[in-house]
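> Let me give you the structure first, and then I'll get to my questions.
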Amino acid sequence: MMNQRLIWRMTPLCVLLGSVFATSAWSASAAPAAAQVVGTAAQPALMHAKLWPAGLDPKPYLVSEKLDGVRAVWDGHNLRFRSGLPIAAPGWFTAGLPKTPLDGELWLGRGRFDELSGTVRKKVPVEAEWRQLRYMIFDLPGAVGSFAERTARITAILAQARQPWLQAVAQTQVSHADSLQALLNQTVKEGGEGLVLHRANALWSPGRSDALLKLKPMPDEEARVVAHLPGKGKHAGRMGALLLVMPDGQQFALGTGFSDAERADPPPVGATVTYRYRSRTPNGLPRFASFMRVQPQ
86 MMNQRLIWRM
96 TPLCVLLGSV
106 FATSAWSASA
116 APAAAQVVGT
126 AAQPALMHAK
136 LWPAGLDPKP
146 YLVSEKLDGV
156 RAVWDGHNLR
166 FRSGLPIAAP
176 GWFTAGLPKT
186 PLDGELWLGR
196 GRFDELSGTV
206 RKKVPVEAEW
216 RQLRYMIFDL
226 PGAVGSFAER
236 TARITAILAQ
246 ARQPWLQAVA
256 QTQVSHADSL
266 QALLNQTVKE
276 GGEGLVLHRA
286 NALWSPGRSD
296 ALLKLKPMPD
306 EEARVVAHLP
316 GKGKHAGRMG
326 ALLLVMPDGQ
336 QFALGTGFSD
346 AERADPPPVG
356 ATVTYRYRSR
366 TPNGLPRFAS
376 FMRVQPQ
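This is the structure in structure tokens:
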């Protein structure tokens with residue numbers, strides 16, 4: 086916990102920028118080159134979604150709900166977070182998984198992410214908690230064939246596994262843009278986060294591509310914490326903002342969306358956090374960014 090003896094993780098430049106606790110972004114050239122970085126386990130090769138561009142025809146895509154869960158990768162022997170670190174799942178849970186590699190979300194239901202995160206991050210799993218969640222599968226990492234073909238294989242694999250908590254993410258087709266918007270509106274109204282669209286004929290390929298897209302009312306992205314910036318005024322003595330580095334190397338200060346408890350005990354350096362934003366600057370930095378959550382790892 087942070088207290089009066091807290092040692093801030095920051096460089097001298099961060100001290101000079103301590104007043105920067107709003108969500109205004111600044112470029113990588115102004116960021117501290119020696120920001121502390123915490124090493125992580127080797128990350129598994131996975132597909133990652135880009136944002137859905139307005140005006141794109143949805144007919145070539147299979148559409149599913151974007152689940153508010155924790156991504157989990159099964160390599161046939163071990164269950165891991167997308168960071169590569171192991172998930173401490175009960176023995177019965179992993180014993181019930183097939184030998185085929187799986188990619189999916191550990192999920193408790195809509196609006197229960199914080200509860201889920203607490204369950205899957207425990208070093209010693211609590212069986213009663215794990216009995217409540219489901220492992221929702223949406224792809225087969227490294228498998229051959231189109232996404233539509235892989236989806237059919239998922240159904241067959243899970244039917245053979247016969248585990249009620251092991252389920253396939255439902256996929257559907259949408260004929261035109263108006264129908265896609267209506268589906269998004271209905272999903273959000275019912276408590277969902279948004280939609281994921283995967284081009285039906287796309288082969289599996291790691292990284293980000295136009296084959297996998299996400300659609301939400303307000304887009305969100307992830308970035309890694311490289312430093313804590315101190316607060317001023319009512320936030321004096323606590324974290325004022327997180328200094329984040331985006332996948333492209335640009336850095337910005339994220340200072341809104343935090344509770345008092347999160348400012349007193351902020352996400353550690355090296356953690357991955359999710360933030361939402363309204364738009365981007367011409368340089369690609371987020372405008373009006375707000376903290377959402379820490380990703381378990």
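So the number in our numbering is just where the residue sits in the sequence shown, counting from 1, plus 85.
Just so you know, even glycine gets a beta-carbon here, dropped at the ideal spot from N, CA and C.
#1: Can the beta-carbon of Asp199 be found less than 9 Å from the beta-carbon of Trp159?
#2: Is the separation between the beta-carbon of Phe376 and that of Gly325 shorter than 9 Å?
#3: Which runs of the alpha helix (DSSP H), 4 residues or longer, sit entirely within the region 160 to 235?
#4: From which residue to which residue does the alpha helix (DSSP H) around Gln256 run?
#5: If you run the structure through DSSP and keep just helix, strand and coil, what is Lys319?
#6: For Gly203, count neighbouring C-beta atoms within 10 Å of its own C-beta (all shown protein chains included) and say buried if the count is 16 or more, exposed if not.
#7: What residue range does the alpha helix (DSSP H) around Lys274 cover?
#8: Does Leu243 come out as helix, strand or coil in the three-state DSSP assignment?
#9: Express the C-alpha separation of Ala233 and Thr272 in angstroms, rounding to a whole number.
#10: Kindly indicate which residue of Leu298, Glu275, Gly292, Gly277 has the alpha-carbon position closest to the one of Ala285.
#11: Looking at the unbroken alpha helix (DSSP H) that takes in Arg348, where does it start and where does it end?
#12: When the Cα of Pro249 is compared with those of Val211, Ile222, Ser264, Glu278, which residue comes out closest?
#13: What residues match up with Arg309 in a beta bridge as DSSP calls it?
#14: Just the C-alpha distance for Thr357 and Leu327, rounded to the nearest angstrom, thanks.
#15: For Asp142 versus Ala262, is the C-beta distance shorter than 9 Å?
#16: Smallest Cα separation from Asp333: which of Leu265, Glu307, Arg323, Ala349?
#17: Can you look up Ala130 in the DSSP assignment and give me helix, strand or coil?
#18: Give me the Cβ distance between Ala349 and Leu314, rounded to the nearest whole Å; I'm assuming they're in contact under 8 Å.
#19: Tell me whether Pro381 sits in a helix, a strand or coil according to DSSP, three-state version.
#20: Taking the beta carbon of Leu373 as the centre, do at least 16 other beta carbons fall within 10 Å, making it buried, or is it exposed?
#21: Along the chain, where does the beta strand (DSSP E) containing Glu150 start, and where does it finish?
#22: Beta strand (DSSP E) containing Phe337: first to last residue?
#23: Identify, in the order they occur along the chain, each residue of the same chain with its Cβ nearer than 8 Å to the Cβ of Ser264, setting aside the five sequence neighbours on each side.
#24: Out of Leu243, Gly194, Phe178, Ile239, point me to the one whose CA is closest to Glu212's CA.
#25: Going by DSSP, what residues sit across from Lys135 in a beta bridge?
#26: If you draw a straight line from the C-alpha of Val259 to the C-alpha of Thr366, how long is it?
#27: According to DSSP, is Ala374 helix, strand or coil?
#28: On the DSSP bridge list, what partners appear for Met324?
#29: Counting Cβ pairs closer than 8 Å, one from the region 165 to 182 and one from the region 274 to 288, do we hit at least three?
#30: Which residue comes first and which comes last in the beta strand (DSSP E) that contains Leu40?
#31: Could you check the C-alpha separation between Asp295 and Ala139 for me, to the nearest Å?
#32: Which one of Pro351, Val379, Pro352 has the shortest CA to CA distance from Thr359?
Well, looking at it:
#1: Cβ distance not < 9 Å, so Asp199 and Trp159 don't count as in contact.
#2: For Phe376 and Gly325, no; Cβs fall outside 9 Å.
#3: Entirely contained in the region 160 to 235, the alpha helix (DSSP H) runs reaching 4 residues are, in chain order, 176 to 180, 198 to 205, 212 to 215.
#4: From DSSP, Gln256 is part of no alpha helix (DSSP H); its letter is neither H nor E.
#5: Three-state result, Lys319: helix.
#6: Exposed is the call here.
#7: If you look at Lys274, you'll find it in the alpha helix (DSSP H) that goes 262 to 274.
#8: Helix.
#9: Their backbone Cα atoms lie some 22 Å apart in a straight line.
#10: Nearest option by C-alpha distance: Leu298.
#11: Unbroken alpha helix (DSSP H) run through Arg348: 345 to 349.
#12: When only C-alpha atoms are compared, the closest one is Ile222.
#13: Among the bridge pairs identified by DSSP, Arg309 is matched with Val330, Thr357.
#14: One alpha carbon belongs to Thr357, the other to Leu327, and they sit about 11 Å apart.
#15: Yes. Within cutoff.
#16: When each option's Cα is compared against that of Asp333, the closest is Glu307.
#17: Correct three-state label for Ala130: coil.
#18: 15 Å between Cβ atoms; not a contact.
#19: Three-state result, Pro381: coil.
#20: Residue 373 is actually Phe in this sequence, not Leu. With fewer than 16 Cβ atoms within 10 Å of its Cβ, Phe373 is classed as exposed.
#21: Glu150: member of the beta strand (DSSP E) spanning 146 to 150, first to last residue.
#22: Counting along the chain, the beta strand (DSSP E) containing Phe337 begins and ends at 336 to 339.
#23: A distance below 8 Å between beta-carbons, with the five flanking residues on each side excluded, links Ser264 to the following residues of its chain, in chain order: Pro143.
#24: Considering only Leu243, Gly194, Phe178, Ile239, the residue with the shortest C-alpha distance to Glu212 is Phe178.
#25: Under the DSSP definition of a beta bridge, Lys135 partners with Leu298.
#26: Rounded to the nearest angstrom, the two C-alpha atoms are 32 Å apart.
#27: In the structure shown, the three-state DSSP call for Ala374 is coil.
#28: DSSP lists Pro315 as partners of Met324.
#29: At 8 Å Cβ cutoff, the stretches do not touch.
#30: Lying before the first or after the last residue shown, residue 40 is absent from the chain, which here runs from 86 to 382.
#31: Spanning the alpha carbons of Asp295 and Ala139 requires a straight line of approximately 13 Å.
#32: Ranking the options by Cα distance to Thr359, first place goes to Val379.
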